[in-house]
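Quick note: the sequence shown uses my numbering, first residue 133, plus one each step.
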Amino acid sequence: MQSSYAERFEREMGCTEAEWLGWLPAAMGDVVWQQKGQGLGAELPPGSLSIAWQPRPPRVIALMRMPVLHVRFTFSGLDEGQRYTFMRRFDLYMQRGGG
């Protein structure tokens, strides 16, 4: 998790588009959003958020193949604290790891 989030940023996620779409409702929480193709628009009063994603070729390390999803976040009308509050929850729901 980051300590701050810019109005626009990109990241690579180690998941398939199908996995992303399965995790997305929980990560978005009570936010009103609508998917349009490989993107979504969300109302985050007093502003908004758009997220766009695109599958990329898998990352190959020796015999391992990891899916890659390129994701672009664009906030509008939200200050640094409001962006952080939303992304903190979003990142916690998208976080995956082993144990």
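Backbone N, C-alpha and C define an ideal beta-carbon position, used for all residues, glycine too.
Contacting residues, own chain, Cβ-Cβ under 6 Å from residue i (five flanking each side not counted)
i	result
Arg191	Met198 and Val200
Arg140	Thr206
Gly231	In this predicted model, Gly231 has a pLDDT of only 48, less than 50, meaning its place in the structure is not dependable; the value taken from the coordinates is given anyway. Hits under 6 Å: none found.
Ala174	Val163, Trp165 and Leu181
Inter-residue CB distance, residue i and residue j (contact presumed, cutoff 8 Å)
i	j	result
Ile183	Gly169	With 8 Å as the limit, Ile183 and Gly169 do not qualify as a contact, their Cβ atoms being about 12 Å apart.
Gly179	Ser208	5 Å
Reference residue i, options the options, closest by Cα
i	options	result
Val82	Glu151, Pro177 and Trp185	In this structure the chain extends from 133 to 231, so residue 82 is not present and cannot be described.
Gly154	Gln167, Leu176 and Gln214	Gln167
Met160	Gln134, Glu151, Phe218 and Gln227	Phe218
Contact set for residue i: own chain, Cβ-Cβ below 7 Å, skip 5 residues either direction
i	result
Leu210	Leu176 and Gly179
Cys147	Pro199 and Leu201
Q | Every unbroken alpha helix (DSSP H) inside the stretch 159 to 231 [4 residues or more] | A | With a minimum length of 4 residues, the unbroken runs of alpha helix (DSSP H) contained wholly in the stretch 159 to 231 fall at 212 to 226.
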